[in-house]
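Put into structure tokens, the structure is as follows:
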């Protein structure tokens, strides 16, 4: 028995393992497809959890179990069909109730049932952006009344005040003597700081609730059936309490950029209103049932918040000496900073257009 078969043997699978092969090209977790012998038993996905990023594996899996349990209950109550393909199912270990197992080398593993005849796409266009909007809006809607209290799998992940504090500390240290050359960006970031921390202030004022959000909204984090319909949202590691702006703004930061995240040619970087309109239309179709007016009114702010936040993070890393993000050449983080700032400026130029479009959808 090889090491992967030995790991699989600790989970409550059914059937006989026929093959274990690498699956996908995930950047965080190592994944394998576990194919069983015959057509009567399900196949599985085996994953090694990256506990350098997700340091509290017990919390991580507890969050995922609570979310998938609640979604399954909602689907059952709605008499949905094909439920096993519309919500992920994680296996318990054979000698207990936990859905993860720790090997002798300190690695953490989990298994889920493989969803058959399902596809993911990486294409970003108005059609898939609309589907992403409906899928992530529906995901939040189904979890709006979840009774469980979830933990933060990555503390302060989308906390703007925390990210600004990190930048201020980097500026104060000026470890590599780079502050002088980026003073323009520091000043522009500071000029917007109060407004960009709007979400945290609204929350303190009791006006803005935390929701259960996905916090990694990308087109390829959805699975589609054979007919092109969304089955379910996947990659649930970052599901945690946040503001709805996380799911809305983070998608538009990447999908709505006409250039690349690190585009050195700033004239290529602009905010794509066609993607904005498609995603927003889908999102509000499914999410408006639970969203508060303050959340809807601030969706354009969310579209600006995430390029701003990423600009802050890239700039802080550049000032610190490129210690967090991998760089491909000297100055890469500064190029990223400039590109994100250009995207932010483009979003700001479309504020009025975004508000008009959203107001039109809410009529």
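Numbering (my numbering), first residue to last: 1 to 363. In this text, a Cβ means the ideal position worked out from N, Cα and C, and glycines have one as well.
{"Query": "Per-residue DSSP class, three states only, for residue 255", "Result": "helix"}
{"Query": "Per-residue burial, residue 294 [other beta carbons within 10 Å of its own, 16 or more giving buried]", "Result": "exposed"}
{"Query": "CA-to-CA distance, residue 79 to residue 15, given in whole angstroms", "Result": "29 Å"}
{"Query": "Within the segment 198-255, ranges of the beta strand (DSSP E) (whole runs, at least 3 residues)", "Result": "211-213, 222-224, 230-233, 240-242"}
{"Query": "Spatial distance of residue 363 from residue 334 (CA atoms)", "Result": "43 Å"}
{"Query": "Cβ pair residue 160, residue 215 closer than 7 Å", "Result": "no"}
{"Query": "Beta-carbon contacts of residue 12 that lie in its chain and below 6 Å, excluding the five residues immediately before and after", "Result": "91, 92, 94"}
{"Query": "CB of residue 217 within 7 Å of CB of residue 251, strictly", "Result": "yes"}
{"Query": "Where residue 355 falls, given that 16 or more other Cβ within 10 Å makes a residue buried", "Result": "exposed"}
{"Query": "For residue 27, three-class secondary structure by DSSP", "Result": "Unreliable placement is indicated for residue 27, whose pLDDT of 48 sits below 50; the coordinate value is still reported in the next sentence. Note: residue 27 maps to coil in three-state DSSP."}
{"Query": "Cβ pair count under 8 Å reaching 3, the segment 104-116 against the segment 178-194", "Result": "no"}
{"Query": "Residue 104 versus residue 89 - alpha carbon distance", "Result": "25 Å"}
{"Query": "Same chain, Cβ closer than 8 Å to residue 32, five either side skipped, listed in chain order", "Result": "4, 20, 21, 22, 23, 45, 46, 47"}
{"Query": "Nearest-angstrom beta carbon gap, residue 344 and residue 300 [assumed within contact, 8 Å]", "Result": "With a Cβ gap of about 12 Å, residue 300 and residue 344 do not count as contacting."}
{"Query": "Distance, residue 132 Cα to residue 386 Cα", "Result": "Within the shown structure, residues of the chain are numbered from 1 to 363, placing residue 386 beyond reach of any answer."}
{"Query": "Beta-carbon proximity check, residue 135 vs residue 269, cutoff 7 Å", "Result": "no"}
{"Query": "Distance between residue 174 and residue 87 (C-alpha atoms, nearest Å)", "Result": "47 Å"}
{"Query": "The alpha helix (DSSP H) enclosing residue 300, as first and last residue numbers", "Result": "299-320"}
{"Query": "Spatially closest choice to residue 235 from 30, 10, 347, 8, by CA coordinates", "Result": "30"}
{"Query": "Neighbour-count burial assignment, residue 125, 16 or more Cβ in a 10 Å radius", "Result": "exposed"}
{"Query": "Within-7 Å CB hit, residue 214 to chain D", "Result": "Of the chains in the structure shown, none is chain D; there is only one protein chain."}
{"Query": "Rounded distance between the beta-carbons of residue 262 and residue 339, thought under 8 Å", "Result": "6 Å"}
{"Query": "Under 7 Å between C-beta atoms of residue 241 and residue 150", "Result": "yes"}
{"Query": "Three-state secondary structure (DSSP) of residue 112", "Result": "strand"}
{"Query": "Cα-Cα separation, residue 76 to residue 141", "Result": "16 Å"}
{"Query": "Where residue 20 falls: helix, strand or coil (DSSP)", "Result": "strand"}
{"Query": "Backbone CA spacing between residue 291 and residue 6 [nearest angstrom]", "Result": "46 Å"}
{"Query": "Neighbour-count burial assignment, residue 38, 16 or more Cβ in a 10 Å radius", "Result": "exposed"}
{"Query": "Alpha carbon of residue 260 to alpha carbon of residue 336, nearest angstrom", "Result": "9 Å"}
{"Query": "Contact under 7 Å by Cβ, residue 220 with residue 68", "Result": "no"}
{"Query": "Own chain, CB closer than 7 Å to residue 312, minus 5 neighbours either side, in chain order", "Result": "163, 164, 167, 189"}
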